[in-house]
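S.K.: Would you mind keeping the following structure in view while I ask a few things?
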Amino acid sequence: MKDATNCSCTAICHDLNTVSKCGKQWHWFLLSSAASYFAGLLILLICRHFYSRWMRSAYDRRPTNQYVAQYESPFLTPERIDKFQHTVFDHFLSVQTGSGKCTAILYFLFNVISVTLYINQSDQPLEQCVQVLDTCNWTLYADIGLNVFFLFHFLLRLIAAPNRLKFWFQMGSIVDFCTIPPCALALILERNWLGMRFMRALRFMQMGEILMTFNSTGTSIVQLLVLMLDFVSVWLFAAGFVHLVENSGDPWKPNSARTDNFTYFDSVWLTMVTMSTVGYGDVYPTTGIGRSFMMVFIVCGLAMFATYTPYLYEFYRSRSPYAGRYERADSKKYVVVCGHITYNNVKSFLADFLHPDRGDRTSRVLFLDNKRPEPELTGLIKRYFLSVQYFEGSALNHNDLRRVQLEHSDAVILLCNKDSDDTKSEDAATILRAISVKNYCSKARLIMQLLNYKSKSFLQTIPNWDPINYRDENICISEFMYGLVAQSCLCPGFSTLMINLISTRSYIPGTNENLDWKSDYAYGCDHEIYTVMISSDFNGMTFPEAAEICYKQLNLLMIAVENFDNSGLAINPLPDQFTIRKECLGYFIASSYKDVCRARFYCALCLNEGIEIGFKPCKCRLEAAVPQLSTVPAAKKKRSNVQLIPLSEHKSPNNNETGLTRVGSVDSKSSTATDINQLRTVRHLFSQHSTKSTSVDRGTLTGAGMSSTFDPTGNYHWSPEKKFEDVDLAGYITKEYQYKPDDAEAINQRVVIKYINEKDHELNNHIVICAFGDDKTPISGLSSLIKPLRASNLPYKKLKVVLLLAEKDFLLKAWKELRHFPKIRVLCGSALDRSKLKRAFINRASMVVILSNYGKRMAYKDPFLLDKEPILACLNLPQVAGKSENSKPVEFIAELVNDSNVHFLDQDNEDEPDIELHLTMKFAQGSCITATALDTLMSEAYYNDEVMTLVRALIAGANVPEYDAEDEEHSGPLQVPANALCGSQCRVIRIKAEEPSLSEHIKGKAYKDVFVELLQKFNLLCLGLHRAIDWHEEISVEHKRFVYINPPGETKIVASDYLYVIVQTSKLQPPTEVMLNKIRDTMLRKGSTPEQPDSKLTRQNKVDTESGKQEMLPIDESSSSLAV
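For the sequence shown, our numbering begins at 69 and goes up steadily by one.
Below is the structure:
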C-alpha cells in the first residue's frame, strides 16, 4: 500500500483537479462489474453442461437391483438438490416463515439506506481517493457492510433459484453485479466511485413482497403505495444515470464533463419535467449519452404516465367519501340499516322514522351498503343530513360492522328487495345478513323484512335470535300486504285504514279547504296507534267504561288493553270478560304521543274539580313515584311466539281459575319431536270425543252438532284435499255433459252459460282474485291472501267463495298450497280477456283483487311498465260490468309496484301530479296498495313493538306464529262441533248507517253520540267512517269514498256513510288440560287407551264432500253487524 505522504493526492480529495492528476479510473469499476457478470455466466454454463453429462452417465451406470441402487445413487441427485433448495428458500427467502420475513424486510431497508447514502454523497465528486484505515470515513464502512449483506442475499437467491440461468438475467441480479464488485474494487484501488449505486433504487419495487408478509396487498391504499414506489424507483434510477453521464462526460470526447456543478437534485428535476412533458428548459443535458438517454426516457416516461394515470384515477375515484368510521359524539341513540338500500326502498321508511311528531324519541339512522348511493338517494341523505349518515360496506363483513359501531347501536334493521323475482334467494340473503350481525354482536336487536312466509322457518337457524330478551322482530311483507288485501275484501277500505294508523303523518289545519273530503281525509291520516301505561284511576273499570272516559274527557280512542298478569291482549273486550288492573298497557288512536300521555296522568279527583288533564302529573300524584312515560314494566316482555289470548282465557275478577292454555301455540325453538307428536295425539283425542256429550267444567264442549273442520293450529278453516279438476269451472262441464253434439263449439258455449246459471248461487257476492304469471312465477303471497279469508273467527256459512282467475300453469303451481281451503274455485284465463271476466261474474262479486306480476319485475327497465297488467285489468272492469242504471260499480283493490302508477287506475281523477301515494283518491278509497306503504312497519316495530301484536291480529284475522312448527304437507285437521266456539277474537267490519236495526242509533246523530251509544248497547267500538267524497250532496257517487279515521265528535252521520267498528266474533277454543284429562278418564273406564292419530281418521269430514255439499252451501247475505 502506498504511503499517503508519497502520494500527490490527499487522503480524501475534494478537488477534482487533484484526482485528475492521479488519473480517472472509473473504467476499472465498470470492467469489474462486467467481468464478474460474464465470468459467472460462463462458469454457470460450464457447470450446467458437466452436471448434465455426469447425471446422464450416472443414470446409465445405475444397478438393476433397486435395493442396491438405493445405496449407490450419486450424492448430487435432483431430489437432494431440490430438497436443499427448498430448505434454503423456506428458511431465508419465504415470507411465510419468520426468518424469511426478517430477511425480506432487512433487504428492503438496506436498499433504502444504500440509496440514501448515495444521495448524501452525490454533492461530492464522482471519484475520489480514500484512506481505507481512516475511521472517520464511516460512509465507506457502511457501504461495505451493506454490500456484504447484498452478496449473501444474492447467494441465497442463486441457490434457491429453480432456473439459475434465468435468474442470472433478472433485474435484481444485474443490480447486484453493478454495485457489489465496484465496492470490493474500491478497497483495492483506495478510490471511491459513486458510479452505479443509484441502481439500488430499482429494488424499491420489492415493496409488494414486503407487504405480503403482513397480508395487506388487497387494499387500494397498499396498491397505490406499490404503484408509487415503482414510479419513484424508475424516477431515481433515471436521475442517477443522468447525473453520472453528465458529470463523467462522453468517453470519446475529452473534457466533455460539465463544470457547472450539476447536482443530483438537478437530475431529479430534469427527469421529472421531461417525464411529465412540461420541459421548462432551465436544465438540460449537454453530453451525447445524456441526450440519447433522455430521448429514450421521454418515450418510456410517456408510456409510464399513460399506464399509471388510469390507476391513479381509479384510486381517487374509488376513495369513497362513505368509507369512514362513525364517531359517537353524544349519547343519542342510532340504528344501523342494512340490506337493499335504494331511494324507493328507504324513502317511505325515512319519512316515517324521522317524522317530527316522534319528538325526542327520534334516533339517528346509519345506512350500510356495499355500493355508493344513487344520486336520488344522495339528495335524500342531504335532506336529513342531521340525522342520517351513509357508510359504504357490507353487513357480512365484521370490519364494516365495527366501523359503524354496531355493538353500540339501538337496533339493526334489515331491508329486503321487494321487487325481486326470486323471493327465496332474497330472503336467504337477508337471513345471511342477520346471521352475520348476530355473530358479531349476539345482543343486537334485529328487525328484518322477509318476502316469503315460508322463510320464517329459518329464523331458528339465526344464532341468538330471541324475541323475548332482545326484542327481535321479523316482518313478512307477503303476510302483511296480502292480509290487508284479504281484510279489504271483507271490509272495503281496511287497507287504507290500517296503513294510515301505522304511519306517522302530520295534518295542517286550513289546507285543502276547497275540497272537503281531502281536508277530512288528511285529518284522519294524522292519527296513529300508540301505547302507554294508563293511570291507576282506571283500575277496576271494564273496557267500555274506560274507553268512554278516554273518548269523552281525554279525546282519546282506546281500542285495546293488556294487563301484565299473563292474561294477554284484549281488543274491545266485553264488560263481563275483562277488568282493568294495575299496570295496564293501553292501546290508543291519537294524533300524537303527547296526547296519549294524558291517559297516563288521568286523575278522576282533579277532573271532578274541573281541572283539565294535562301532560304532566297533577298535584295529587306529585308525592307518588311516577315511572317514565316510555318505560314498560319488566313483566311486559315480548313473547317469542306472540299470541292473542281468547277472552275466555282471561282471568275473571270473580274467578281465580288459571287461564286456559292454547295447545295450538307451539314455540318451535323449544319444541321437540316428542312434543309435536303429543300435540297431534291431543288433537286426535279431541276430534274423536268432542262430539260426545261430556260433563266438564267451563270450556267443555257439550252437545252434538255439525262439526267445523279447522287446520291443526285452529286458525283457519280446513277441508279434505281436492283435485284441481274438481274446482275448475271448465272441469264441471265435461263431467255433467258427456254427449258429443255435431256443432261442438256452439253447444259448448251454451252449455257453459247453462252450467254457470245453474251454479250462479256460488258466484254471487263472491271474491275474484286475478293473478298474472306462469309456472315460474313465485306464488308466495297467494296463500297469505287466502288464509285471512278462511280464518276460524269467520263462521263457515259466511265464508265467501273465492274464484282464482289466472293462467293454468300458474294455478296448477298455486294449487299445491290451496287444495285444503274450502270454497275455492279456479278459472283458467287472463284478466285482460273480457270474456273471462264475464264468466267470473265480476258484476256480482263483492270484491275483485288484482295482483301484480312477480315474474317480470326485473325484466323492465322502465318502472312505469311494471304495473301494465294490473292497470289494464282495472280498466277492463267497468267495461265488463256495464254502465246501466241498475248496475253497480265494481269494487276492486289492485296491487301496484310503482307508486306513481296509481293515477292510471282512475281516468277521472283530480289528483295533482307527483302527489304522494297516501293522498291520492284511489288510495284514500282503499282501491290500491303497494309494498312501499308497508315500510312504515319497520319504524313502528322499532319505536312501538307492542303495537305489532295488535296489527297482526287485525290484519291476519288469526294468530300468526313467528314460524311454523309443523310441516303443512303432513298436518291434519282439527274437528270441533259448531257449538264449541267459546273463545273470542275481534275483527273490523263495515256497517251502513241505513242498517234497519241500527239506523235509529246512527243516522242523523253526531259521531260522538253514535260512538258512545254503539259502545254501551252493542259493544261496537267505532274507528271511523267510509264516507262518500260528495256526502253533502243529495245524490252521492257510491264508488268514490275515502277513509275518515276518528272524525271529530261534532261530525254528523249521513245516510250514505259506512262505519268502521271493531266487533267480537266467535273463534275456536282449543281443548283445555281439564278437558283432556276427563277424555282420558272416560276412555280408561271403557277399557281403551289413547292412540296415535291415524291419517285416514283425522282427515275424515263429517260433511259429505263427495257431492260437494260442504262447499256449495248458500252464502248468507245477512249483514255482519246483525249476525253479531
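C-beta: ideal position from N, C-alpha, C; glycine also. If you're wondering where the values come from, they're calculated on a predicted model, not measured in any experiment.
How should Y458 be labelled, buried or exposed, when 16 other C-beta atoms within 10 angstroms of its C-beta is the threshold for buried?
M.R.: Position 390 of the sequence shown, counted from the start, is the residue given in the question as residue 458. It counts as buried.
S.K.: Once the 5 residues before and after K92 are set aside, which same chain residues still bring their CB inside 8 angstroms of it?
M.R.: Counted from its first residue, the sequence shown places residue 92 at position 24. Cβ neighbours of K92 beyond the five flanking positions: E195.
S.K.: When the distance is taken between beta carbons, is S920 closer than 8 angstroms to L964?
M.R.: In the sequence shown, counting from the first residue as 1, residue 964 sits at position 896. In the sequence shown, counting from the first residue as 1, residue 920 sits at position 852. Contact: yes.
S.K.: Using the three-state DSSP reduction, which class does F272 fall into: helix, strand or coil?
M.R.: Within the sequence shown, residue 272 is the residue found at index 204, counting from 1. DSSP places F272 in helix when its eight states are reduced to three.
S.K.: From the DSSP output, in three-state form, read off Q645 for me.
M.R.: Taking the sequence shown and counting its residues from 1, one reaches residue 645 at position 577. Three-state result, Q645: coil.
S.K.: Taking the alpha carbon of V180 as the reference point, which residue from A210, Q199, F157 and V198 has its own alpha carbon closest?
M.R.: Within the sequence shown, the letter at position 112 stands for residue 180. Answer by Cα proximity: A210.
S.K.: At what residues does the alpha helix (DSSP H) containing Q947 begin and finish?
M.R.: As a first step, residue 947 is located in the sequence shown; it is residue number 879 there, counting from the start. Segment K936 to A949, the alpha helix (DSSP H) holding Q947.
S.K.: Looking at I961: is its Cβ nearer than 8 angstroms to the Cβ of S995?
M.R.: One-based indexing of the sequence shown puts residue 961 at position 893. One-based indexing of the sequence shown puts residue 995 at position 927. For I961 and S995, yes; Cβs fall inside 8 angstroms.
S.K.: Write down every uninterrupted run of the alpha helix (DSSP H) in the stretch 313-370 whose length is 4 residues or greater and which is fully enclosed by it, in chain order.
M.R.: Within the stretch 313-370, the complete alpha helix (DSSP H) runs of at least 4 residues are 332-343.
S.K.: Answer yes if the stretch 566-577 comes into contact with the stretch 589-607, meaning at least three C-beta pairs across the two stretches below 8 angstroms, and no otherwise.
M.R.: With a cut-off of 8 angstroms, the stretch 566-577 and the stretch 589-607 count as touching, because enough Cβ pairs lie within range.
S.K.: To which residues of the same chain is K855 closer than 6 angstroms at the C-beta, ignoring the five residues directly before and after it?
M.R.: Against the sequence shown, residue 855 aligns to sequence position 787. Closer than 6 angstroms at the Cβ level, and outside the excluded window around K855, lie Y784.
S.K.: In whole angstroms, what is the alpha-carbon distance linking D350 and W206?
M.R.: Here residue 350 corresponds to residue number 282 of the sequence shown, with the count starting at 1. Here residue 206 corresponds to residue number 138 of the sequence shown, with the count starting at 1. Taking the straight line from one Cα to the other gives about 36 angstroms.
S.K.: So is M601 buried or exposed if we call it buried at 16+ other beta carbons inside 10 Å?
M.R.: Position 533 of the sequence shown, counted from the start, is the residue given in the question as residue 601. Buried: at least 16 other Cβ atoms inside 10 Å.
S.K.: In the DSSP assignment, find the unbroken beta strand (DSSP E) run with W206 in it and report its ends.
M.R.: By 1-based counting over the sequence shown, the position of residue 206 is 138. That residue, W206, is in no beta strand (DSSP E); its alpha helix (DSSP H) goes W206 to A228.
S.K.: Taking C-alpha atoms, which residue in W1099, S316 and L1091 lies nearest to G1072?
M.R.: By 1-based counting over the sequence shown, the position of residue 1072 is 1004. When each option's Cα is compared against that of G1072, the closest is W1099.
S.K.: Alpha carbon to alpha carbon, what distance is there between K650 and A999?
M.R.: As a position in the sequence shown, residue 999 is number 931, starting the count at 1. As a position in the sequence shown, residue 650 is number 582, starting the count at 1. Distance between the alpha carbons of A999 and K650: 39 angstroms.
S.K.: At what residue ranges does the stretch 593-669 contain a whole run of the beta strand (DSSP E), taking only runs of 3 or more?
M.R.: Whole beta strand (DSSP E) segments, 3+ residues: 596-601, 625-631, 636-639 and 652-658.
S.K.: Would you please state the rounded distance, in angstroms, between the beta carbons of I892 and V958? I believe it to be under 8 angstroms.
M.R.: Numbered from 1 along the sequence shown, position 824 holds the residue referred to as residue 892. Numbered from 1 along the sequence shown, position 890 holds the residue referred to as residue 958. Not quite, the Cβ-Cβ distance comes to about 21 angstroms (not below 8 angstroms), so this is no contact.
S.K.: For L880, which of P890, F889, V894 and L867 has the nearest alpha-carbon?
M.R.: Taking the sequence shown and counting its residues from 1, the one referred to as residue 880 is at position 812. Looking at the Cα atoms, V894 is the closest of the given residues.
S.K.: Which one or two residues does DSSP pair with R1055 in a beta bridge?
M.R.: Here residue 1055 refers to the residue found at position 987 of the sequence shown. Answer is V1131.
S.K.: Determine the extent of the alpha helix (DSSP H) in which I500 is found, giving its start and end residues.
M.R.: Residue 500 sits at position 432 when you count from the first residue of the sequence shown. One detail in the question is off: residue 500 reads as Leu in this sequence, not Ile. Run containing L500: T491 to Y508, per the alpha helix (DSSP H) assignment.
S.K.: Kindly identify the DSSP beta-bridge partner or partners of H260.
M.R.: To locate residue 260, count along the sequence shown from 1; it is residue 192. Going by the sequence as given, residue 260 is Asn instead of His. Its beta-bridge partners are Q196.
S.K.: Comparing C-alpha positions only, which one of L257, V505, L434 and L1002 sits nearest to R396?
M.R.: The count along the sequence shown starts at 1 and reaches residue 396 at position 328. Ranking L257, V505, L434 and L1002 by Cα distance to R396 puts L434 first.
S.K.: Report all residues from its chain with a CB closer than 7 angstroms to the CB of I248; omit the five preceding and five following residues, and keep chain order.
M.R.: Residue numbering aside, residue 248 sits at position 180 when the sequence shown is read from its first letter. Closer than 7 angstroms at Cβ, skipping near neighbours: N215, F218 and L219.
S.K.: Which residue comes first and which comes last in the beta strand (DSSP E) that contains Y1075?
M.R.: Along the sequence shown, one-based indexing puts residue 1075 at 1007. From DSSP, Y1075 is part of no beta strand (DSSP E) but of the alpha helix (DSSP H) over Y1075 to F1086.
S.K.: Taking V404 as the reference, which of A497, L514, C251 and Y538 has the closest Cα?
M.R.: Taking the sequence shown and counting its residues from 1, one reaches residue 404 at position 336. Looking at the Cα atoms, L514 is the closest of the given residues.
S.K.: Using a 10 Å radius around the Cβ and a threshold of 16 neighbouring Cβ atoms, would you call S852 buried or exposed?
M.R.: What you label residue 852 is simply residue 784 of the sequence shown in a count that begins at 1. So S852 counts as buried.
S.K.: Can you name, in chain order, every residue of its own chain whose Cβ lies under 7 angstroms from the Cβ of L185, other than the five neighbours on each side?
M.R.: Here residue 185 refers to the residue found at position 117 when the sequence shown is read from its first residue. If we look at L185 and ignore the five residues flanking it on each side, its Cβ neighbours are T207, A210 and D211.
S.K.: Once the 5 residues before and after Y379 are set aside, which same chain residues still bring their CB inside 6 angstroms of it?
M.R.: As a first step, residue 379 is located in the sequence shown; it is residue number 311 there, counting from the start. Closer than 6 angstroms at the Cβ level, and outside the excluded window around Y379, lie L295.
S.K.: Just tell me which of I289, E460, A859 and C484 has its CA closest to the CA of C1054.
M.R.: Position 986 of the sequence shown, counted from the start, is the residue given in the question as residue 1054. Measuring from the Cα of C1054, the nearest candidate turns out to be A859.
S.K.: For I570, which of helix, strand or coil comes out of DSSP?
M.R.: The residue labelled residue 570 in the question sits at position 502 within the sequence shown. Reduced to three states, the DSSP call for I570 is coil.
S.K.: If you compare alpha carbons, which of D334, L1093 and N260 is closest to R1109?
M.R.: Numbered from 1 along the sequence shown, position 1041 holds the residue referred to as residue 1109. The option with the nearest alpha carbon to R1109 is L1093.
S.K.: Is there contact here, the stretch 538-557 with the stretch 1012-1026, by at least three beta-carbon pairs under 8 angstroms?
M.R.: A contact exists between the stretch 538-557 and the stretch 1012-1026.
S.K.: For H117, count neighbouring C-beta atoms within 10 Å of its own C-beta (all shown protein chains included) and say buried if the count is 16 or more, exposed if not.
M.R.: Locating residue 117 in the sequence shown gives position 49, where the first residue counts as 1. Classification for H117: exposed.
S.K.: Should the stretch 418-428 be regarded as contacting the stretch 1006-1013, the criterion being three or more beta carbon pairs within less than 8 angstroms?
M.R.: As far as the Cβ criterion goes, the stretch 418-428 touches the stretch 1006-1013, which means the pair count is three or higher.
S.K.: Between I868 and L1083, what straight-line distance do the alpha-carbon atoms span, to the nearest angstrom?
M.R.: Reading the sequence shown from its first residue, position 800 is the one you call residue 868. Reading the sequence shown from its first residue, position 1015 is the one you call residue 1083. The sequence shown places Lys at residue 868, not Ile. Rounded to whole angstroms, K868 to L1083 spans 28 angstroms at the Cα level.
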